[in-house]
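Everything below concerns the one structure shown next.
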Amino acid sequence: MAKLIHEVRDGIHGFILFDQLEKRLIDSAPMQRLRCIHQLAMCYQVYPGATHKRFEHSLGVMEVATRIFDQVFDRRLDDAVHRRIKEELEPDRKGYWRRVVRLAGLLHDIGHLPFSHAAEEALLPEGWNHERLTAEMLRQSEIADILKGEKPPIDPEDVIDVAWDVKKRVRTQPDTSLSPWKTLLNEIICGNTFGADRIDYLLRDSWHAGVAYGRFDPDRLITGLTALIDPSNEEIALGLDIGAIHAAEALLLARYFMYTQVYFHDVRRVYDLHLKEFLQAWLPDGKFPSDWQKLMELTDHEVLVAMRKAAADATDRHHELASRLLARKHFRTVYELVSTHKKKRPTFFQELLEAAQDEFGEENILADTYGPKSETNDFLVQTDDGSIESSLQVSGVIANVPAVEIGLIFAKPELAEKVKTWMNTKVKQL
Amino acid sequence: MQFYKHAYILRVIQKLHQYGSWTGKTHVHKALSLLRDLGKVPVPFEFVLYKHGPYSFEVEAELEQMRSYGAITMEPNTRGYGVVLKAGEAASLVEQSASLSAEVSQAIDQVCRFVSSRSAAELERLATASWIRYQERLDDPAEVARRLHFLKPHVSIVEAERADADVRSWREGSKE
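Okay, here's the thing in structure tokens:
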């Protein structure tokens, strides 16, 4: 007798179960392609264990999203909340939406470029990003046929609405308007604090990188989740029971440390810059195709083969760029922005960069900046007496999680010591 | 560093405090959105219609930038939700680096007087009604109210009509 439920063992969540429909989707070409796309680009050059792929992350997001959905909608909801969404909680509708949430988690990353986020904006035609490519693939690839062929059929647009982070979507599609119900489901996948995507990647990335920073207690966090009405604007939103507030604090601190220690590690960032340079030189017209069918032919494997070939052949026109990545001839860090420098002179970083480029040549100096950015940590917390408070009020930790900002200047290895000495002089003059 | 953008934001924060507002992020986003809809002066920020009405990712990014060098401070609101924004130690640097014209200052003053005492829920309704009328260019009050109710089902038609009327009445007054 054919199996109706399948399982796969996952290093983070234990057994992950999936049904026949999900199996067909997992076996599809767009999902299998994710086995060949590193979750953290070339971060493995810094953290050798970080070789995991988008594929297992996608399974993990499906699993976490299901736990959140069941936790939020299987418990007794507040009357005011229930009145707003009762039609969607009728057994047939609820079963449909539970499937949509699982599929949104599973399929949310299928449009990723090789090496995931590294320089996505620079490597796609204007107006394109991996989320839009994911939506195209959900509408047009074999995945659409599988979804529509299911009984009852799954509408790919529902999966897109739940999977595509609405705060990113409105930037490229300003007419996007999700119902309060879909906004809630979107939050389950993409939410800043409780989103399944974030919960999975923090746990998974830290485990693979071998760092302790990303760890927190996901079970305690998820069992505290609930749907609440925001008293400040009367909107329905995901919130937390006060008992789980320390798990949320741990997640937010984990996120802060993962950003500062792993995702924005200076050497990791310079590898991203070199990867962008290589891809811009190697790709036709310096861009990935926005045609999803052509993109499907490209994974990290194709890029790495070309890179290895170029690195091994001194006559190859991409030899130098490839060697930076594969022979550890990457640019070296010569300056890292610290907040005291910025407070003394807000324009210091830009001035220093321009002066260094004038002094040593633009081709010998690279820079990378991010932020300052602090994610919205203001969410609803239900206290023991039933009142609803802001997380910023009930938790001093959450109110004070610092913003993340990086400003890095790199120099060609041969010049690094000289540039660093010159930079130190400039910093002392500040 | 875009000091001229910071000058807009800083002036809004200062004026909101002057008119007694507790001055949260919602006040700043909605004030600048209404300022844009008012159409009297250029407003250097893009807005989208987001979960709680008009919202600017640029304003959000510039608020973070301003906090990072001390042009503003952000503290949790001890009386409710969100954070309280205040001018910081480096506010004078913004004022020295970029000055606002008299027209811009006057328009900001008009908007801040209008929004200063409003709650976040009121601001969402007002700014969304204004967006529908002046960005989506719906003219008929009944249509504006229906659209607002469609976008925000928890806002009744009566509340939506009131928000639209409130915005129109304020704009009429600000012409004088």
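Protein chains in written order, with my numbering: chain S, 55 to 484; chain E, 2 to 177. All residues carry an ideal CB built from backbone N, CA and C; glycine is no exception.
- request: Please state if the CB of S:I243 and the CB of S:V155 are separated by a distance shorter than 9 Å.
  value: Your numbering for residue 155 of chain S matches position 101 in the first sequence. Your numbering for residue 243 of chain S matches position 189 in the first sequence. Yes.
field: Residues that E:F58 contacts on chain S, provided the C-beta gap is smaller than 9 Å
entry: As a first step, residue 58 of chain E must be located in the second sequence, where it is residue number 57. Under the 9 Å cutoff, chain S gives K221, V224, R225.
field: Straight-line gap, S:S231 to E:Y51 (C-alpha atoms, nearest Å)
entry: Along the first sequence, read from residue 1 onward, the residue named residue 231 of chain S stands at position 177. Along the second sequence, read from residue 1 onward, the residue named residue 51 of chain E stands at position 50. C-alpha separation (whole angstroms): 8 Å.
- request: Anything in the segment 81-94 of chain E with a Cβ closer than 9 Å to a Cβ of chain C? List those residues in chain order, please.
  value: Structure shown: chain C not included; protein chains present are S and E.
- prompt: Going along chain S, which residues have a C-beta under 8 Å from E:P77?
  reply: Stepping through the second sequence from its first residue, residue 77 of chain E is reached at position 76. Within 8 Å Cβ-Cβ: S444, L446, Q447, A453.
message: Taking its Cβ as the centre, do 16 or more other Cβ atoms sit within 10 Å of S:G65, making it buried, or is it exposed?
response: Translated into positions along the first sequence, residue 65 of chain S becomes position 11. Exposed, since its Cβ has fewer than 16 Cβ neighbours within 10 Å.
- prompt: Does the Cβ of E:A164 have 16 or more other Cβ atoms within 10 Å, making it buried, or fewer, making it exposed?
  reply: Residue numbering aside, residue 164 of chain E sits at position 163 when the second sequence is read from its first letter. Flag for E:A164 reads buried.
Straight-line gap, S:I70 to S:E117 (C-alpha atoms, nearest Å): One-based indexing of the first sequence puts residue 70 of chain S at position 16. One-based indexing of the first sequence puts residue 117 of chain S at position 63. Approximately 6 Å between the Cα atoms of the pair.
Rounded straight-line distance, which links the Cα of S:F248 to that of S:V135: For the purposes of this step, residue 135 of chain S is identified with residue 81 of the first sequence, where counting begins at 1. For the purposes of this step, residue 248 of chain S is identified with residue 194 of the first sequence, where counting begins at 1. About 19 Å.
field: Test item: CB-CB of E:L124 and E:V112 under 9 Å
entry: The residue labelled residue 124 of chain E in the question sits at position 123 within the second sequence. The residue labelled residue 112 of chain E in the question sits at position 111 within the second sequence. For E:L124 and E:V112, no; Cβs fall outside 9 Å.
task: Grab the span of the alpha helix (DSSP H) containing E:K6 for me, first residue to last.
output: Start at 1 with the first residue of the second sequence, and residue 6 of chain E comes out as number 5. Here the alpha helix (DSSP H) through E:K6 covers 4-19.
message: Could you check whether S:A360 and S:L380 sit closer than 9 Å to each other, using their CB atoms as the reference points?
response: Sequence index remark: in the first sequence, residue 380 of chain S carries index 326 (1-based). Sequence index remark: in the first sequence, residue 360 of chain S carries index 306 (1-based). Not closer than 9 Å, so no.
Closer than 9 Å to chain E by CB, S:Q125: For the purposes of this step, residue 125 of chain S is taken as the residue at position 71 of the first sequence. Chain E contact via Cβ: absent.
- request: Output the distance between the C-alpha atoms of E:A121 and S:I200, rounded to the nearest integer angstrom.
  value: Counted from its first residue, the second sequence places residue 121 of chain E at position 120. Counted from its first residue, the first sequence places residue 200 of chain S at position 146. Near 44 Å, if we compare the C-alpha coordinates of S:I200 and E:A121.
message: Could you check whether the Cβ of S:P170 sits closer than 9 Å to any Cβ belonging to chain E?
response: Counting from one through the first sequence, the residue named residue 170 of chain S turns up at place 116. For clarity, residue 170 of chain S is Ser in the given sequence; the question names Pro instead. No, S:S170 lies away from the interface with chain E (no Cβ there is under 9 Å from its Cβ).
- request: Report the residues of the segment 129-163 of chain E with a CB closer than 7 Å to any CB of chain S, ordered along the chain.
  value: L152, P154, H155
message: Is the separation between the beta-carbon of S:G425 and that of S:A457 shorter than 9 Å?
response: As a position in the first sequence, residue 425 of chain S is number 371, starting the count at 1. As a position in the first sequence, residue 457 of chain S is number 403, starting the count at 1. Yes, these two residues count as a Cβ contact at 9 Å.
field: S:D295 (DSSP reduced to helix, strand or coil)
entry: Mapped onto the first sequence, residue 295 of chain S falls at position 241. Residue state, collapsed to three classes: strand.
- prompt: E:Q66 touches chain S at which residues, Cβ-Cβ below 8 Å?
  reply: Mapped onto the second sequence, residue 66 of chain E falls at position 65. Here the neighbours are P426.
query: Cα separation between S:T237 and E:I14?
result: Taking the first sequence and counting its residues from 1, one reaches residue 237 of chain S at position 183. Taking the second sequence and counting its residues from 1, one reaches residue 14 of chain E at position 13. The straight-line gap from Cα to Cα measures roughly 30 Å.
query: Whose C-alpha, out of S:L337, S:V388, S:D354, is nearest the C-alpha of S:H372?
result: Counting from 1 along the first sequence, the entry for residue 372 of chain S is found at position 318. Of the listed residues, the one whose Cα sits closest to S:H372 is S:L337.
- prompt: Where do the ends of the beta strand (DSSP E) carrying S:V62 lie?
  reply: Taking the first sequence and counting its residues from 1, one reaches residue 62 of chain S at position 8. Segment 59-64, the beta strand (DSSP E) holding S:V62.
message: Under 9 Å, Cβ to Cβ, is there at least one residue of chain S near E:H53?
response: Locating residue 53 of chain E in the second sequence gives position 52, counting from the first residue. So, interface residue.
query: In the structure shown, what three-state DSSP assignment does S:D73 receive?
result: For the purposes of this step, residue 73 of chain S is taken as residue 19 along the first sequence, with counting starting at 1. S:D73: strand per DSSP, three-state reduction.
query: In terms of residue numbering, what span does the beta strand (DSSP E) encompassing E:E76 cover?
result: Position 75 of the second sequence, counted from the first residue, corresponds to residue 76 of chain E. Segment 73-77, the beta strand (DSSP E) holding E:E76.
field: Closest Cα partner of E:S93 within the set E:A103, E:G83, E:V85, E:A72
entry: Residue numbering aside, residue 93 of chain E sits at position 92 when the second sequence is read from its first letter. Of E:A103, E:G83, E:V85, E:A72, the residue nearest in Cα terms is E:A72.
- prompt: So is E:E96 in contact with chain S if we call contact Cβ pairs under 9 Å?
  reply: Indexing the second sequence from 1 puts residue 96 of chain E at position 95. Not one chain S Cβ lies under 9 Å of E:E96.
message: Threshold first: 3 residues or longer. Then list the beta strand (DSSP E) segments lying entirely within the segment 425-471 of chain S, N to C.
response: 434-436, 442-444, 458-465
- prompt: Between E:I133 and E:M67, which are expected to be in contact by the criterion C-beta below 8 Å, what is the C-beta distance as a whole number of angstroms?
  reply: On the second sequence, position 132 is the one that residue 133 of chain E refers to. On the second sequence, position 66 is the one that residue 67 of chain E refers to. Incorrect: roughly 30 Å between the Cβ atoms, too far for contact.
Three-state secondary structure (DSSP) of E:P43: On the second sequence, position 42 is the one that residue 43 of chain E refers to. Three-state result, E:P43: coil.
field: chain E within 9 Å of S:N287, Cβ atoms only
entry: Taking the first residue of the first sequence as 1, we reach residue 287 of chain S at position 233. True, the Cβ-Cβ gap to chain E drops below 9 Å.
query: What residues from chain S crowd round E:S69, counting only those whose CB sits closer than 9 Å?
result: Residue numbering aside, residue 69 of chain E sits at position 68 when the second sequence is read from its first letter. Ordered by position in chain S, the residues that pass the 9 Å Cβ test against E:S69 are S393, K396, K397, P400, G425, P426, A457, E459.
- prompt: Thinking C-alpha only, which one of S:H92, S:E204, S:Q194 is nearest S:E76?
  reply: As a first step, residue 76 of chain S must be located in the first sequence, where it is residue number 22. The shortest Cα separation from S:E76 among S:H92, S:E204, S:Q194 belongs to S:E204.
task: Report yes if the C-beta distance between E:H155 and S:E289 is below 9 Å; otherwise report no.
output: Within the second sequence, the letter at position 154 stands for residue 155 of chain E. Within the first sequence, the letter at position 235 stands for residue 289 of chain S. Closer than 9 Å, so yes.
message: Taking the alpha-carbon of S:P207 as reference, which of S:R147, S:G245, S:R252, S:E190 has the nearest alpha-carbon?
response: In the first sequence, counting from the first residue as 1, residue 207 of chain S sits at position 153. The candidate whose alpha carbon is nearest that of S:P207 is S:R147.
- request: Indicate whether at least one CB of chain E lies closer than 9 Å to the CB of S:P228.
  value: As a working note, residue 228 of chain S is residue 174 in the first sequence. Closer than 9 Å to some Cβ of chain E, the Cβ of S:P228 qualifies, so yes.
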